[in-house]
Amino acid sequence: MDAADLRMFQSVASTGSMSKAAHELNTVQSNVTARIRSLEDEVGFALFERTHRGVTLTAAGQRLLPFAARAARLLEDAKRAVADEGTPSGALMIGSLDTTAALHLSPALARYVAAYPAVDLSLRTGTTAELIAQVLDRQLDGAYVCGPVNHPDLLTDPFVREELVILTGPSIASFESLSKKPDLKIVVLKAGCSYRQKLETMLARRGIVGTRLLEFGTIESIIACVSAGVGVTLLPRALLGSVWERGRLRVHPLPGDEGQVDTVFIRHREAFASSALRAFMELVRPALTMAAAE
Numbered sequence: 003m004d005a006a007d008l009r010m011f012q013s014v015a016s017t018g019s020m021s022k023a024a025h026e027l028n029t030v031q032s033n034v035t036a037r038i039r040s041l042e043d044e045v046g047f048a049l050f051e052r053t054h055r056g057v058t059l060t061a062a063g064q065r066l067l068p069f070a071a072r073a074a075r076l077l078e079d080a081k082r083a084v085a086d087e088g089t090p091s092g093a094l095m096i097g098s099l100d101t102t103a104a105l106h107l108s109p110a111l112a113r114y115v116a117a118y119p120a121v122d123l124s125l126r127t128g129t130t131a132e133l134i135a136q137v138l139d140r141q142l143d144g145a146y147v148c149g150p151v152n153h154p155d156l157l158t159d160p161f162v163r164e165e166l167v168i169l170t171g172p173s174i175a176s177f178e179s180l181s182k183k184p185d186l187k188i189v190v191l192k193a194g195c196s197y198r199q200k201l202e203t204m205l206a207r208r209g210i211v212g213t214r215l216l217e218f219g220t221i222e223s224i225i226a227c228v229s230a231g232v233g234v235t236l237l238p239r240a241l242l243g244s245v246w247e248r249g250r251l252r253v254h255p256l257p258g259d260e261g262q263v264d265t266v267f268i269r270h271r272e273a274f275a276s277s278a279l280r281a282f283m284e285l286v287r288p289a290l291t292m293a294a295a296e
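Residues 3 to 296 in the working numbering are what the sequence shown lists, from first letter to last.
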């Protein structure tokens, strides 16, 4: 069993077809078929069930698949480690919540790009659930997500603590009065948004259940919808700037720890930390400290 065999096994498993795997790997189908049979002979188990529609993993194949993926990632990290001579360069993919990117990352990203022009930096935004999954799958080198995050395969570093507030239209006098509002709607980002989950929990604690969901793709559209009196939402206070001062929204503070949320930086415990990633982590922390002091 070698890396090429496992790569071929992964390709057949993902495509469900020997011919499609051959096309993906730029080889002929007979080569794929022969290598898979050789691998099956070596491990002593059939790895695929053959049908006229293609192939599916057997129980043995399903047990082998995560080890094949782990071996492929280890080899890729080994190549990156050998090529990394200590000067930040190459691709760096960072994930972030939309709110964190808007409030805290822009100045740091600008400084990083100026300091390390050989790095191809990309920023991908998403929900906490999406970003965690992408870090675990090694699609991202690291990501800023809503904490706490407890996963054995992830390392976490504290980043910033936010104050969360309930936002409603100007006519809503208090958070508690929402319980008397019929057909209450909560205006949120898509499923997996950490603020959405927290808002639903806060409302449930106050006996407000059965709310309807309105999902929007941007924070701007959420604020516009809430200000029009359509529903309520939960966002960091710092995100609002002067919007609510002009009377478009009513801000309802939350008591104690209920109104606090920590944003953390996560990365895979076993993934290779490149010079580009280490430099990014060192630069962003001081940038945030200076921003907070100002």
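All C-beta atoms in this analysis are idealised placements derived from N, C-alpha and C, irrespective of residue type, glycine included.
In this text the structure is predicted, and so the values were computed from the model without any measurement.
PRO119 and LEU216 have their alpha carbons spaced roughly 41 Å apart.
DSSP, reduced to helix, strand and coil, places PRO172 outside both helices and strands of the structure shown, so it counts as coil. In this model, ALA240 and THR129 are separated by some 19 Å (Cα to Cα). At least 7 Å separates the beta-carbon of ILE268 from that of THR127. In this structure the segment 130-139 does not touch the segment 166-178; the number of beta carbon pairs closer than 8 Å is below three. The three-state secondary structure of PHE69, taken from DSSP, is helix.
Taking the Cα of VAL266 as reference, the smallest distance to any Cα among ILE221, MET283, HIS254 and ARG252 is reached at MET283. For VAL45, the closest of LEU8, ALA230, THR220 and ARG287 by C-alpha to C-alpha distance is LEU8. Boundaries of the alpha helix (DSSP H) harbouring LYS22: 20-27, taken from the DSSP string. When DSSP states are grouped into helix, strand and coil, GLU44 belongs to the helix group. Per DSSP, ILE268 is one residue of the beta strand (DSSP E) stretching across 262-270. Contact between PHE11 and LEU41 holds, with the beta-carbon distance rounding to 6 Å and staying under 8 Å.
For PRO109, the three-state secondary structure derived from DSSP is helix.
Distance from the CA of LEU105 to the CA of ASP264, rounded to the nearest whole angstrom, comes to 14 Å. Within 10 angstroms of the beta-carbon of LEU76 lie fewer than 16 other beta-carbons, which makes it exposed.
The DSSP-derived three-state label of TYR118 is coil. When the alpha-carbon of PRO154 is set against those of LEU201, ARG271 and GLU87, the nearest one is in ARG271. Less than 7 Å divides the Cβ of THR101 from the Cβ of PRO238. DSSP places LEU49 in the coil class of the three-state scheme, outside both helix and strand.
DSSP places ILE210 outside both helix and strand once states are collapsed to three, so it counts as coil.
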